[in-house]
Structures are given as structure tokens and as C-alpha cells.
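The sequence shown begins at 5 in the numbering used here and counts up one residue at a time.
Below you'll find the structure, written out as C-alpha cells, and then a few comments.
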Amino acid sequence: MVAVAAARAEAPPAPVTCAAGTAELRVDGLSKRFAGGAAVLSDVSFAVARGETVALLGANGAGKSTLLRCCLRLIEPDAGRIRLLGSDPRALKAAELRRLRARVGFIFQRHNLVPRLPALSNVLHGALARGGGMRAWFHEAAPRALRTEALECLDRVGLAAFAEHRADRLSGGQSQRVAVARALMQRAEMLFADEPVASLDPAAGEEVMELFRDLVRRAGLTLVFTTHNLRHALDYADRIVALRGGRVEIDAPSRELDQGALRAFYG
Ligand SMILES: Nc1ncnc2c1ncn2[C@@H]1O[C@H](COP(=O)(O)OP(=O)(O)OP(=O)(O)O)[C@@H](O)[C@H]1O
Ligand SMILES: [Mg+2]
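Below is the structure:
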């Protein structure tokens, strides 16, 4: 915790953990080493409260994506405890794990839309994660209620007018907003966004970050996002967790940090 040591010497540390009942995600002592490699995560602990936005920082290869994937058990951790939305993903059977994963929307740097399908069909695919059935694949075949819900999700990201537009004809920013609408269609309670704006130009990136902020505030979602954009971390996150050498080096409210402290962290 080098970078925030000075701030913490003056004031008692802010509560960075939360009461068990309000934590949407709690990670304790998580460790991961890939076969033949060095440890990527060593004894990582942090918690994310309901409705909180947390930015996960760290240099390339610091383990941010691995950490998010371990939380959903897309990667099997070697050790540690995880509590996600009230469940322990490491203790769940396959069907229960699928249900738990469906409650978390995962947004990637590349939006992974089906390029030839319209925006609306791509949003409908969010219903597949929660067992919407294959009729959710093409929007023409989808039950009316699902179509209506998908249109509402597109509306919430400001793209209702683009429902019939093919995904490969949307701009990068619009595509990422469709990916967010797909997570809303999934009825996700929590979003993991792994470098969600890294492929976007500054204006589009800002728009997507504003969209996240709006969704967190209005829909009560909980958000964990990774980024290399320090200003986004400071502006959009309530709290910043930074990894270095496989360990949590900073875990502090963003209001206690500034660009200087974060630049010092990157060294
Ligand atoms: N499936 C895998 N098998 C082996 N090594 C892996 C695997 N996935 C990740 N790694 C290694 O784990 C380390 C952490 O990778 P990770 O992708 O989690 O970093 P990151 O912090 O997300 O980096 P970036 O900012 O570049 O996205 C890297 O050294 C990477 O090469
Ligand atoms: Mg990554």
C-alpha cells in the first residue's frame, strides 16, 4: 500500500471492506499460478459493496483479467475464498454456477456482437444466459415479451432507433452500448467490464463510462471495471483496487487518490 501510505498516516483508513450482508463480491486470499508460470495472484483480498463502482488497476499482465475470471470461476483459482452475490462459486455444481454467472454481465474490450445480426437480436442473446431458449437467437422468432424487453434495454442505452441496424454497421461506441444492453437483457445484477472503452476513441469512451455511471445510479447495479485510464478510474469509480506483483497494492476510495498517486503506483 505504498502509494496511499502518506494519506493513511494522517487519517484512519477508510473502511474498504463492507459488512458481509452488503458485499456483492468478497475475495479472500485468492491465489492463482498458471502451469509453468510465476504466481499471477498471491493472497488477493478485497470486497465490493452493493451499488459500488470499483476500478481495478494494474500494469499489463498484473492479473486484472485473471482476477475477474477467477471470481466467476471461468479460471479455477488455486486457493482462496470467493463470495459472489451470496454464493461461493467454488462450491457450486455446473448448473448452479451457470445460474450465478448469468447474474453477472461480463463486458469485454471487444464487444463480441454477432456482426451480421441486428442490434436487437444481439441484445436478445442476453436472454439466452438466463435460459431464454433458442427463440431468443433471432428477434423475428422471439416471443413478444422478450422483444419488448430487448427494445427497452436498447432504449436504456440510447439506441432504440438502431434496433434493426446490423451490428457490423454500428460504430465502436454504439457496439459497446449494445453489449451493455445485452448485459441488461441478461438482468445482470453486477457488471464486470474488462477494459470496456480501451478500443474506443475518447468521446465514445466517455459516453460509455457515463452510461455505466447512469446505470449504476438508476438501476442499482454494482460495477467492477478494469482500465488503464487513470482519469476514468478517479472519475467513475468509488474505490480503486490496484494490483502489482500479484498483490493488492492500493485499496482506497478514489477521493483519497489523485493522478500523482496513481502514476507513482505505476512507477
Ligand atoms: N490461460 C493462461 N495461461 C497461462 N498464462 C496466462 C493465462 N491467462 C493469463 N496468463 C498470464 O497471467 C498473467 C496475468 O494476465 P492477465 O491477462 O490477467 O493480466 P491483465 O492485468 O489483465 O493485463 P492487461 O492489462 O494486459 O489486460 C500474464 O502474465 C499472462 O500471460
Ligand atoms: Mg486484461
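We put the CB at the ideal spot given by N, CA and C, even for glycine.
Please read all numbers here as calculations on a predicted model, not as lab measurements.
Short check: CB of residue i to CB of residue j, under 8 Å?
i, j, result
"Arg-217", "Tyr-240", "yes"
"Glu-199", "Thr-230", "yes"
"Ile-79", "Leu-195", "no"
"His-232", "Gln-180", "no"
"Val-245", "Leu-124", "no"
"Asp-32", "Arg-85", "yes"
"Leu-104", "Leu-96", "yes"
"Leu-215", "Leu-238", "no"
"Val-184", "Val-58", "no"
"Arg-191", "Arg-134", "yes"
Short of 8 Å in beta carbon distance, which residues of its chain neighbour residue i, apart from the five on each side in sequence? Order them along the chain.
i, result
"Ala-27", "Thr-21, Ala-51, Val-52, Ala-53, Arg-54 and Arg-87"
"Glu-193", "Glu-28, Leu-89, Arg-107, Val-108, Leu-225 and Thr-226"
"Ser-46", "Ser-35, Gly-249, Gly-250 and Arg-251"
"Met-189", "Val-127, Leu-128, His-129, Gly-130, Ala-131, Glu-153, Ala-154 and Cys-157"
"Leu-1", "Only positions 5 to 271 of the chain appear in this structure, which leaves residue 1 out of reach."
"Gly-162", "Arg-181 and Leu-215"
Does the Cβ of residue i have 16 or more other Cβ atoms within 10 Å, making it buried, or fewer, making it exposed?
i, result
"Thr-152", "exposed"
"Gly-67", "buried"
"Gln-263", "exposed"
"Gly-62", "buried"
"Asn-64", "exposed"
"Ala-99", "exposed"
"Ala-149", "exposed"
"Gly-209", "buried"
"Asp-255", "buried"
"Ala-42", "exposed"
"Arg-259", "exposed"
"Glu-144", "exposed"
"Arg-160", "buried"
Beta-carbon within less than 6 Å of residue i's beta-carbon, same chain only, minus the 5 sequence neighbours each way: which residues are those?
i, result
"Asp-172", "Pro-119"
"Glu-168", "Pro-122"
"His-236", "Met-213"
"Val-6", "With a pLDDT of 34 at Val-6, under the threshold of 50, the predicted position of this residue should be treated as unreliable, though the coordinate-derived value follows. Answer for Val-6: no residue qualifies."
"Ser-91", "Leu-104"
"Pro-81", "Leu-34, Lys-36 and Cys-74"
"Leu-219", "Leu-225"
"Arg-30", "Ala-51 and Arg-87"
"Ala-197", "Ile-111 and Phe-229"
Spatial neighbours of residue i within its chain, please: C-beta separation below 7 Å, excluding the five flanking residues on both sides.
i, result
"Ala-164", "Leu-155 and Leu-158"
"Arg-186", "Asn-126, Val-127, His-129 and Gly-130"
"Thr-70", "Lys-36, Val-44, Leu-45 and Ile-79"
"Ala-24", "A caution first: Ala-24 carries a pLDDT of 44, below 50, which makes its placement in the model unreliable, though a value can still be read off. Nothing listed; no residue qualifies."
"Leu-101", "Arg-77 and Pro-93"
Would the segment 205-216 count as touching the segment 161-176 if we require 3 or more Cβ pairs under 8 Å? At 8 Å Cβ cutoff, the stretches touch.
Does the segment 62-75 come close enough to the segment 30-42 that 3 or more CB-CB pairs lie under 8 Å? As far as the Cβ criterion goes, the segment 30-42 touches the segment 62-75, which means the pair count is three or higher.
Anything with a beta carbon under 6 Å from a heavy atom of ligand 1 counts; list them all in chain order. Phe-38, Gly-41, Val-44, Gly-62, Asn-64, Gly-65, Ala-66, Gly-67, Lys-68, Ser-69 and Thr-70
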